[in-house]
Structures are given as C-alpha cells and as structure tokens.
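**Student:** Handing you this structure, nothing more for now.
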Amino acid sequence: MRDLLLIGDATDEMKGRFAEKFTIHNLYDNRDPTAWLKQHGSKISYVATNGHDGVRPAFVDAMPNLKVISCYGVGYDSIDTAQAVARGIPVTHTPNVLNSEVASTALLLTLACYRNFLADEAHVRSGDWESKGNAPLSRSADNQTVGILGLGRIGQAIADKFVPFNSKIVYHARNKKSVDYTYYDNLTEMAQICDVLICITPGGAATHNLVNEAVLNALGPNGTLINVGRGSVVDEQALIAALAEGRLGWAGLDVFATEPKVPAALRALSNVVLLPHVGSATEETRAAMGNLTVDNILQHLKDGTVISPVPECAHL
Ligand code: A2R
Numbered sequence: 018m019r020d021l022l023l024i025g026d027a028t029d030e031m032k033g034r035f036a037e038k039f040t041i042h043n044l045y046d047n048r049d050p051t052a053w054l055k056q057h058g059s060k061i062s063y064v065a066t067n068g069h070d071g072v073r074p075a076f077v078d079a080m081p082n083l084k085v086i087s088c089y090g091v092g093y094d095s096i097d098t099a100q101a102v103a104r105g106i107p108v109t110h111t112p113n114v115l116n117s118e119v120a121s122t123a124l125l126l127t128l129a130c131y132r133n134f135l136a137d138e139a140h141v142r143s144g145d146w147e148s149k150g151n152a153p154l155s156r157s158a159d160n161q162t163v164g165i166l167g168l169g170r171i172g173q174a175i176a177d178k179f180v181p182f183n184s185k186i187v188y189h190a191r192n193k194k195s196v197d198y199t200y201y202d203n204l205t206e207m208a209q210i211c212d213v214l215i216c217i218t219p220g221g222a223a224t225h226n227l228v229n230e231a232v233l234n235a236l237g238p239n240g241t242l243i244n245v246g247r248g249s250v251v252d253e254q255a256l257i258a259a260l261a262e263g264r265l266g267w268a269g270l271d272v273f274a275t276e277p278k279v280p281a282a283l284r285a286l287s288n289v290v291l292l293p294h295v296g297s298a299t300e301e302t303r304a305a306m307g308n309l310t311v312d313n314i315l316q317h318l319k320d321g322t323v324i325s326p327v328p329e330c331a332h333l
C-alpha cells in the first residue's frame, strides 16, 4: 500500500475510498507534524488537503516523493503553486461542482440582510411579538442592482440565482466577458451604483483588501456587502468601522480574514449576518467535492494524469 497524507478535514466517504488504496496518515493527529514529516515524509506520495489548511511549503519540502496535492475545495490560495510547479507536482481542486451551492449561499445571505428574518425569528421565539407588537419593516430584495466582484464559475451562478428577483447585474473582474451584464473596470465606480456588492474572487496577494474603505464608502449607507469568496479580499477593519459608523448599511459574511477567529467588534454589530464558512457545506455538494478530490488522486495512481488541475498546473 502507498502512503497518503491527509491534512485537515475529510468526509468519512473520502477516507473510506482512500483507505482502499492507501495507508492514510492524518498529519494533525501528530503533536509535532514537522517532526513526523521529517521522519516519514519520504514515504508520502499523495497529499489530500483543503482550501483552509492547504499545505505549508516546508511540509512540501519534507516530502521528496510527493506526486499530487489534491485540494478539497475550489480555492487554493493556501497552497504555494509556484513551489509545486517547480517540483512538477500537479495541484488539483474542485471547480464547478460547488457553483450552485455557493451561489445559493450568496443569495440567502443577501435575503437575510434585506428581509431581516434572523431578527424576526428571534422576535417570535422571545415572545416579543406578543408582548411588544409587530417586528419592524424590512427591505425588499426585489429590483436591486447587484454587483458581482469576480464573474467566474461561481459568479455566473450567482447572477443566475438573482434572475427571479428582477435584479440588474453588473460586474467587475480582471477581464470583460461576453455576457449581457455591464462591465466596470473600476470597482469603486461600480460600488457607487450597486445596492449589493457580492465578492466571489479567489484569495491571495492579487485580491488582498480589494474591497477597501473607498469601495465600502462608495457602496454607502444603503448598501449591502456580501462575501462568499475569501475573507482576505475585504479589509475587515475598514468594514467594521464602516458598519459601526453607518457609512455602510449591512454585511452578510461567510468568510473572514483569520478564520475561525471573528473579531468581537464584528460579532457585536446588529447590521451583519455571519456564517461559519458554509458556502458549499451541504451533504450533497461536499460529497461531490470529496469524490472529485479522491478521483484526482486515484486517476493519477492509475495513469499519471489528473482530472481538475488548478490553472497554474494545467501544463504539467
Ligand atoms: O480572470 P477574470 O477576469 O475572469 O476574473 C476572475 C476574478 N478575479 C479578479 N477580479 C478582479 N481582480 C482580481 N485581482 C481578480 N482575480 C480574479 O475572479 C474571475 O472572474 C473570478 C474567479 O473565477 P473562477 O476562477 O472561475 O473561480 P470560481 O470557481 O468562481 O471560484 C472563486 C472563488 C474561489 O477561488 C474560492 O476562493 C471561493 O470562490 O470559493
């Protein structure tokens, strides 16, 4: 049996499928992962990790016979692809199979901000409805201008989910697409005309704090920021200040700068809806992502190819 290193979360189904072909070593079962890898790294031929845990460059260095890094997630900013390419190691991820789920999460977060259902539900449970009367009015999510930051696979699925809400879709990405939505090459200018701005770009250096104070101010006191991409894309301190000072209306966040730490100042605000990075976290979608994570490795074991390499590794 070959040896596979598992870093972080995996479903039971993934572990079961891996166990048919590999001896599985769970890195974080070891009190000192660095010491364990120093001793055993040379026997590891495959790594399965996830977008949050990734794999540290020093860990990759400690695995001289590593053949593939398979990421259980579409985002791979926690994996050093330049290092992997230099070693000829394909990094794979799970694009497409989560588009619809993450898009639903973006829509639901938007609706939660607009319709105030979380507070309304608490109003019923607490008995306030009976003792204090009707809940305050909320805002209609219909007929809004929705700006999408990152009109890729998931961004397009988000645009599709908003069709029944009669939304006007605008977008910002690095490149203009052949779509009917209006393209803005300047994010701040786009934010000025948006009711809702939805972030769904990858993380990493190129998108770090792309949504800064100027963008938040442009979105304005009646605006709503939704982030289902990566926490690093939004300047979290600027976001907290804008929300607290009323320069930004609402925020619906599934991702944060330093997960799972969420600043107390953000948790204390009433004009936010906060989720623990569950954008793709349904049984069905995680099963599909898990299968693709395993399939990439099993296919490589069979014929040396992978199914869904990240773009940087497509030539390997
Ligand atoms: O390359 P373009 O023009 O298609 O733009 C991509 C956009 N994007 C950016 N937009 C503005 N400034 C940047 N520096 C920048 N870098 C990338 O994000 C594209 O429209 C979009 C990414 O689309 P996909 O590569 O198809 O990714 P997918 O599957 O939609 O997932 C997006 C992210 C993942 O990387 C995870 O972080 C998260 O959603 O789950």
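Going by the working numbering, the letters in the sequence shown line up with residues 18 to 333, in that order.
Glycine is no exception: its CB is placed at the ideal position from the N, C-alpha and C atoms.
Treat the numbers as computed from the prediction; the structure is a model and nothing was measured.
Let's test the definition: count the other Cβ atoms within 10 Å of the Cβ of residue 99 and tell me whether it reaches 16, buried, or not, exposed.
**Tutor:** By the neighbour-count rule (16 or more Cβ atoms within 10 Å), residue 99 is not buried but exposed.
**Student:** Can you tell me which of the three DSSP states residue 196 falls into?
**Tutor:** Residue 196: coil per DSSP, three-state reduction.
**Student:** Please report the distance separating the alpha-carbon of residue 191 from that of residue 167.
**Tutor:** Answer to the nearest angstrom: the Cα atoms are 8 Å apart.
**Student:** Sorted by chain position, which residues of the same chain lie with C-beta nearer than 7 Å to residue 34's C-beta, five sequence neighbours on each side aside?
**Tutor:** Only 311 meet the Cβ criterion.
**Student:** With a threshold of 7 Å, establish whether the CB of residue 251 neighbours any heavy atom of the ligand A2R.
**Tutor:** No, the Cβ of residue 251 stays beyond 7 Å of every heavy atom of the ligand A2R.
**Student:** What whole-angstrom Cβ distance do residue 213 and residue 228 have, given they're in contact under 8 Å?
**Tutor:** With 8 Å as the limit, residue 213 and residue 228 do not qualify as a contact, their Cβ atoms being about 13 Å apart.
**Student:** So does the stretch 77-96 actually touch the stretch 217-225, counting three or more Cβ pairs closer than 8 Å?
**Tutor:** Yes: the two stretches touch, three or more of their Cβ pairs being nearer than 8 Å.
**Student:** By the three-class DSSP mapping on this structure, what secondary structure does residue 117 have?
**Tutor:** Helix.
**Student:** Can you pull the DSSP bridge partners for residue 140?
**Tutor:** According to DSSP, residue 140 bridges with nothing at all.
**Student:** Looking at the strands, I want to know which residues DSSP matches up with residue 20.
**Tutor:** Residue 20 pairs with 40 and 61.
**Student:** Is residue 92 near the ligand A2R, going by C-beta to nearest heavy atom under 7 Å?
**Tutor:** For the ligand A2R, at least one heavy atom lies less than 7 Å from the Cβ of residue 92.
**Student:** Indicate the three-state DSSP secondary structure (helix, strand or coil) for residue 87 in the structure shown.
**Tutor:** If DSSP states are grouped into helix, strand and coil, residue 87 belongs with the strands.
**Student:** At the level of alpha carbons, what is the spacing between residue 39 and residue 106?
**Tutor:** About 19 Å.
**Student:** Can you tell me the Cα-Cα spacing of residue 286 and residue 141, whole angstroms?
**Tutor:** One C-alpha to the other measures close to 21 Å.
**Student:** Is there at least one non-hydrogen atom of the ligand A2R closer than 7 Å to the beta-carbon of residue 247?
**Tutor:** Yes, the ligand A2R has a heavy atom inside 7 Å of this Cβ.
**Student:** Which first and last residues belong to the beta strand (DSSP E) in which residue 214 is found?
**Tutor:** 213-216 is the span of the beta strand (DSSP E), which, as asked, contains residue 214.
**Student:** By alpha-carbon positions, which one of 37, 150 and 187 ends up nearest to residue 204?
**Tutor:** Per the Cα distances, 187.
**Student:** Roughly how far, in whole angstroms, is the beta-carbon of residue 21 from the beta-carbon of residue 52, given that I think they are within contact range, below 8 Å?
**Tutor:** Their Cβ separation, rounded to whole angstroms, is 19 Å, which puts residue 21 and residue 52 out of contact at 8 Å.
**Student:** Can you tell which of 215, 262 and 73 has the C-alpha that lies nearest to the C-alpha of residue 178?
**Tutor:** That would be 215, whose Cα lies nearest to the Cα of residue 178.
**Student:** Taking C-alpha atoms, which residue in 47, 18, 26 and 241 lies nearest to residue 36?
**Tutor:** Taking only the C-alpha atoms, the option nearest residue 36 is 18.
**Student:** Could you say if the stretch 110-118 and the stretch 311-329 meet the contact criterion of at least three C-beta pairs nearer than 8 Å?
**Tutor:** Yes, since at least three Cβ pairs between the stretch 110-118 and the stretch 311-329 fall closer than 8 Å, the two stretches touch.
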